[in-house]
Amino acid sequence: MNHGLAATIAHSAQDQDQSGRARVEVAFDEQAVLGALFGQFDANLVQIENRLGVYIAARGDKVVIEGAADEVARARDVLIKLHEKLLTGEEMDAGAIDALITMSDQPTLEGIITGDAKAPPIMIRTRKKTITPRSAMQADYMRELASRDIIFALGPAGTGKTYVAVAQAVSQLITGSVQRLILSRPAVEAGERLGFLPGDMKEKVDPYLRPLYDALYDCMPPEQVDRRIASGEIEIAPIAFMRGRTLADAFVILDEAQNTTREQMKMFLTRFGQNSRMVVCGDPKQVDIPGGDRMSGLADAVLRLEGVEGVGVTRFTAADVVRHPIVGRIVEAYEGEDALP
């Protein structure tokens, strides 16, 4: 593995016995981030221990890792990559660390982050943060977002489909690659009856669009989001508001696309204009419209358009969930519900 920057700040010595047990000592020359590296009360080290089944002891600027040789090597690589990210100013929470641990099981952790040794890192820069892939599939998704005209992102909740798309859209908006950012989703009740909602049209539909606002506010300062919404640079609206328009010079995202009808999906996709990019996100297994799967426009569109030039399809699974690990286990349990008696 090519550690890049980490090779200049970390040195390791490894001993392995005939039973396959190993002991590695890693010393970090740059100590300014050791507190963030280890976590409060060594919480980050405990997280790595629990996931990989190793023992880690912190001693000053050194850590000693003991356990099965393969898992010790993974723990060492995770700590070195975590240290490198902290030195570049990235904020690493428990979810990000868990993603590093998951990705360390790939052939090379660095290969997932950069694609190859000579390529620049795969990342999306926004006003508030820099987003890097938290799974191998997210890395593929980011490449698709940078190269395809229309991208379908399919998979369960928690895989980053919408969040990464919003981050890419914000990045292109602030660099001037597009002039507008348009976020849309169908205003469909997910099984519950909300009744009469008071207020004007915006107040009636905002509850359905809240996840899109949340992703925006995570990528841009709130005052910039509000100013750009007021100026029309950012538009957040139900899919019905897209009818009759041509969306040129825009980054357009349709969320919860499994709840569109075939007619709505055709209408939306044909809004595509010059110098635009469209991302269609949805979970084909969570259809809430009357008629269920057979009426959903998402599966129909993917069936018709996969393989068409300029169209990309990324399929996430429960293994790609980047929220709390229990979310992935919940998704797996529900995806297997057809087998229940």
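Per our numbering, the sequence shown runs over residues 1 to 341.
All C-beta atoms, glycine included, are put in the ideal place defined by N, C-alpha and C.
| Item | Value |
| --- | --- |
| Inter-residue CB distance, A250 and I182 (contact presumed, cutoff 8 Å) | 5 Å |
| Distance between P186 and R329 (C-alpha atoms, nearest Å) | 28 Å |
| In chain order, each alpha helix (DSSP H) run of at least 4 residues that lies wholly inside the segment 297–334 | 297–305 |
| Per DSSP, the bridge partner or partners of Y217 | Beta-bridge pairing links Y217 to no other residue. |
| Host alpha helix (DSSP H) of G35 (start-end) | 34–38 |
| Residue(s) in a DSSP beta bridge with P238 | R185 |
| Candidates G67, A43, D29, N50, of which the one nearest R23 by Cα | G67 |
| Of the residues I326, Y208, S177, Y141, the one placed nearest T314, counting alpha carbons only | Y141 |
| Residue range of the unbroken beta strand (DSSP E) whose run includes R23 | 21–28 |
| Proximity below 7 Å, CB of Q264 to CB of I289 | no |
| Residues near V327 in its chain [Cβ-Cβ closer than 8 Å; skip 5 each side] | A157, G158, V321 |
| Sequence-distant residues of the same chain with beta carbon closer than 6 Å to F152, five excluded per side | V280, V302, V313 |
| For G160 and N50, the rounded distance between their alpha carbons | 24 Å |
| Same chain, Cβ closer than 6 Å to I101, five either side skipped, listed in chain order | R51, V78 |
| Contact test: T260 Cβ vs the ligand MG heavy atom, cutoff 6 Å | The ligand MG is not among the ligands present in this structure, which contains no ligands whatsoever. |
| Same chain only: Cβ atoms within 7 Å of I112, ignoring 5 sequence neighbours per side | Legend: pLDDT at I112 = 42, less than 50; position of this residue unreliable, value from coordinates given subsequently. Within the same chain, I112 has close Cβ partners M103, Q106, P133, A136, A139. |
| For I253, the three-state DSSP class (helix, strand or coil) | strand |
| S296 beta carbon less than 7 Å from that of Q258 | yes |
| Distance CB(L252)-CB(M278) smaller than 7 Å | Note that residue 252 is Val in the sequence shown here, rather than Leu. Against a cut-off of 7 Å, the Cβ pair of M278 and V252 comes out as a contact. |
| C-beta contact flag for R125 and S171 at 7 Å | yes |
| Range covered by the alpha helix (DSSP H) that runs through K266 | 262–269 |
| Which of helix, strand or coil DSSP assigns to E66 | strand |
| Assumed close pair A75, I56 - CB separation to whole angstroms, cut-off 8 Å | 7 Å |
| Residue of S276, K128, Q40, L254 minimising C-alpha distance to D283 | L254 |
| CA nearest to the CA of I234, picked from P222, S147, E25 | P222 |
| K62 beta carbon less than 7 Å from that of E25 | yes |
| Backbone secondary structure at G282 - three-state DSSP | strand |
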